[in-house]
Every structure is written in structure tokens, then in C-alpha cells.
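A.B. asks: Counting from 1 along the sequence shown, just add 1 to a position and that's the residue number in the numbering used here.
Yeah, the Cβ is synthetic: ideal placement off N, Cα and C, and Gly gets one too.
Keep in mind it's a predicted model, so treat the numbers as computed, not measured.
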Amino acid sequence: MSKQSLQSFWLIPFPMKLLAANLTCISLTLVVGLMKYVPLAERAEHTYYYPFWYTLIISILINLALLLFLILPLSLIADSVLASLKMKGPVTKVICTILAYFLLGVGSALLFSIFVYKMDAFQYAGPYQYVVITSFVFLLWQSGLGWILNRVRKQEQTNTG
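Have a look at this one:
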């Protein structure tokens with residue numbers, strides 16, 4: 002396999018990664034917002050509930066910071082490492098990609114916890130789960146957009162060829 006075809010398989014263009022980060026942010030924000038929302042009929046008396054829009058805004062800010070400052074830069078490094086590996090077969094590539102993004106999620110969660118919780122980084126498990134899930138959702142959006150991009154490129158090649 003030539004170097005150019007290897008790079009085109011692994012390396013997704015940066016604008017596509019930004020779009021995947023935004024789609025990840027929006028999808029996770031909607032899920033978190035719907036999970037935290039309590040309908041009016043189920044609310045307890047004398048208890049304050051955050052409005053739905055407030056939960057969405059806070060979740061968007063946290064997700065964007067997490068994606069743009071931790072997961073996106075580390076995914077560029079992970080993709081370049083994956084592109085340099087000599088892997089044969091699609092199953093090996095998928096397993097290595099999942100493993101790389103799992104490690105990316107754990108590393109991002111560790112950095113996130115160190116900055117947010119300072120010396121109590123290992124006391125709370127919630128951020129680790131959330132950041133690992135965020136990295137996998139980012140991988141799914143990125144893979145889906147990369148698949149669409151490859152289909153469009155093949156379609157253009159068959160139309161011009």
C-alpha cells in the first residue's frame with residue numbers, strides 16, 4: 002500500500018474533524034439536556050430546577066472546551082500514529098483505532114481531571130467515563146463523515162473517469 006493511500010485512509014481533513022467535533026458537541030448536549038430535564042408534573046415542591054436552555058448552554062460550553070482543547074489536538078496525534086503503523090487487514094485497523102481512541106479518551110480525562118479537580122484527580126470517576134464516551138462519539142462522527150467523504154470522492158472519480 003502506498004504512503005499516499007495510507008494517509009488518505011487514516012487522515013481525515015481538519016475541517017471534517019471540526020465538523021465532527023461540533024456534531025459530537027451538539028449530540029451529547031442534547032442527550033445530557035434531555036437526561037437532566039425534569040417535566041413540570043414530576044418536579045418536587047420547593048426545589049429549584051435549572052431551565053432546559055441553561056443546561057444546554059453549560060453543556061455546550063463544557064463539551065466545546067473538552068473537544069477543541071483536548072480531544073481534537075490529541076486525535077491529530079493519534080491519527081498520525083495510526084497512519085504510521087503497518088497494519089494489515091481491516092479488523093486490525095479497526096481494533097487499533099478503537100484502542101487508540103480509548104487511550105485518547107483516558108488521557109484526555111486524566112488531563113481534564115487534573116485541571117478541574119487539581120489534586121483530587123483520581124477521586125472522581127465521572128469525568129473519565131464522560132470523556133471516554135465523548136472520544137468514542139467523536140470517533141463515530143469522524144468515521145461517518147470520512148466514509149461519506151470517501152463515497153463522494155469515489156463518485157467523482159467514476160463520473161470524471
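Following the continuous alpha helix (DSSP H) through alanine 66, name the residue where it begins and the one where it ends.
C.D. replies: Note, alanine 66: alpha helix (DSSP H), 53-67.
A.B. asks: Answer with buried or exposed for alanine 79, where buried requires no fewer than 16 other C-beta atoms within 10 angstroms of its C-beta.
C.D. replies: buried
A.B. asks: May I ask you to report which of helix, strand or coil DSSP gives arginine 44?
C.D. replies: coil
A.B. asks: So which of Leu86, Ser114, Gly145 has the shortest CA-CA distance to methionine 17?
C.D. replies: Gly145
A.B. asks: Leucine 112 to threonine 135, Cα distance in whole Å?
C.D. replies: 14 Å
A.B. asks: So, for leucine 30: in the same chain, excluding its five sequence neighbours on each side, which residues have a beta-carbon less than 8 Å away from its beta-carbon?
C.D. replies: Looking at the sequence itself, residue 30 is threonine, so the reference to leucine does not match. The answer, listed in chain order, is Leu57, Ser60, Ile61, Asn64.
A.B. asks: Rounded to a whole number of angstroms, what is the C-alpha to C-alpha distance between valine 138 and threonine 98?
C.D. replies: 13 Å
A.B. asks: Are three or more beta carbon pairs between the segment 118-129 and the segment 75-95 nearer than 8 Å?
C.D. replies: The answer is no - the segment 75-95 does not touch the segment 118-129, with fewer than three Cβ pairs under 8 Å.
A.B. asks: Who are the Cβ neighbours of phenylalanine 53 in its own chain at under 8 Å, not counting the five residues just before and after it?
C.D. replies: Taken in chain order, the residues that qualify are Gly34, Tyr38.
A.B. asks: When we look at the beta-carbon of glutamine 158 and count the other beta-carbons within 10 Å, is it buried (16 or more) or exposed?
C.D. replies: exposed
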